[in-house]
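Trainee: Please read through the structure below; I'll follow up with questions.
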Amino acid sequence: MNVKILTTFSREYWDKTAQFTVKYWHNFMPNSWKLILHDTPDVGLKYHKLIFSHNKNEWIKKAILVSKEFINKNPCFPLGVNSWFTFCHKAFAIWETYEDDPQGILFWCDSDILWKKNLDDKIILNALDNKFCGYFAADLGRAGADTGILFFDLNHPIAKDFFLLYKNNYLSFDIFKKDLWYDAENFIFTKSFFNSSMFNDIAKHVQPTRGPIYKSYFRDYCDHWMGGINKSAGKLVKTFTESDETLIKKGNLKL
């Protein structure tokens with residue numbers, strides 16, 4: 545299979561986290577798979593291709609001003625809205641990699657994911673389940689998504705339209721009209737314009753959770769070092785069990 549595993553990271557993030565994760569991905573990838581890096585520094589990694597962004601930096605300059613305008617007009621925005629700066633790098637990486645070569649399977653993987661079991665084509669086929677996209681639904685009513693891992697069949701009939709809409713929500717600054725200004729919110733928004741049968745919830749067999757990757761069968765394959773504590777520690781130091789139970793008591797997460 546033509547599988548392209550994609551990630552991005554800064555020099556600072558490499559030193560903090562990715563040198564303990566991405567550095568070892570090749571040990572678990574089939575030889576036929578390709579590692580694609582997007583806007584990353586030279587850290588000595590072997591990769592198939594390095595893609596540089598066309599207009600991300602210019603967009604960020606304008607987005608800083610636009611985001612401030614939204615905050616000034618809407619001071620009650622939830623905490624963390626400024627995380628758009630961190631997560632926009634992922635969004636640009638995904639659609640620009642599609643535009644660079646719209647063929648094969650695009651396997652997005654956050655650079656804070658540590659693989660610990662050999663990957664193969666079967667895991668791709670199971671994740672996609674003959675659909676356009678395999679993803680992990682999260683939170684109340686599975687309305688959100690953990691986009692730390694995403695699978696896209698770039699040859700699927702809806703691929704072109706999906707990525708165009710996904711892209712335009714950023715370039716038009718419409719992302720700042722959403723409740724949350726990050727890639728997962730944009731993924732869910734874009735997904736809503738297409739038939740739900742085109743998307744496979746990989747974690748549909750587990751209870752609703754904030755951490756569907758960890759709660760699914762993927763826990764045998766990887767650790768996702770989500771949160772500052774985990775990234776800094778260089779290992780998974782806590783799970784989502786406690787936070788899930790707290791949300792259930794508050795009524796924010798229903799089983």
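When we follow the working numbering, the leftmost residue of the sequence shown carries the number 545, and every step to the right adds one.
C-beta atoms are modelled at their ideal positions from N, C-alpha and C, and glycine is treated no differently.
Since we're looking at a predicted model, the values are computed, not measured.
(1) Please list, in chain order, all residues of the same chain as Asp-802 whose beta carbon is under 6 Å from its beta carbon, the five residues on each side excluded.
(2) Can you tell which of Ile-719, Ser-576, Asn-744 has its C-alpha closest to the C-alpha of Ile-591?
(3) When burial is assigned at 16 or more other CB atoms within 10 Å of the CB, is His-598 buried or exposed?
(4) Determine contact between the segment 669-686 and the segment 753-765, defined as no fewer than three beta-carbon pairs at a distance below 8 Å.
(5) Entirely within the segment 662-727 and at least 4 residues each: give me those alpha helix (DSSP H) ranges in chain order.
(6) Sort Phe-564, Ala-637, Thr-552, Leu-579 by Cα distance to Asp-767 and report the nearest one.
(7) Among the residues of its own chain, which have a CB less than 6 Å from the CB of Pro-585, if the five just before and after it don't count?
(8) So is Asn-744 buried or exposed if we call it buried at 16+ other beta carbons inside 10 Å?
(9) Suppose the cutoff is 6 Å on Cβ atoms and the five residues either side in sequence are ignored; what does the same chain contact list for Phe-636 look like?
(10) If I follow the unbroken alpha helix (DSSP H) through Thr-630, where does it start and stop?
(11) Does the beta-carbon of Asn-713 have 16 or more other beta-carbons within 10 angstroms, so that it is buried, or is it exposed?
Mentor: So, from the data block:
(1) Limits of the chain in this structure are 545 at one end and 799 at the other, which puts residue 802 out of reach.
(2) Residue 591 is actually Tyr in this sequence, not Ile. Nearest option by C-alpha distance: Ser-576.
(3) Burial call: exposed.
(4) Contact annotation: the segment 669-686 touches the segment 753-765, with at least three C-beta pairs closer than 8 Å.
(5) The qualifying runs are 665-672, 703-715.
(6) Ranking Phe-564, Ala-637, Thr-552, Leu-579 by Cα distance to Asp-767 puts Phe-564 first.
(7) Arg-555.
(8) Asn-744 comes out buried.
(9) Cβ within range, chain order: Ser-597, Lys-600.
(10) Boundaries of the alpha helix (DSSP H) harbouring Thr-630: 628-644, taken from the DSSP string.
(11) Buried, by the Cβ-count rule.
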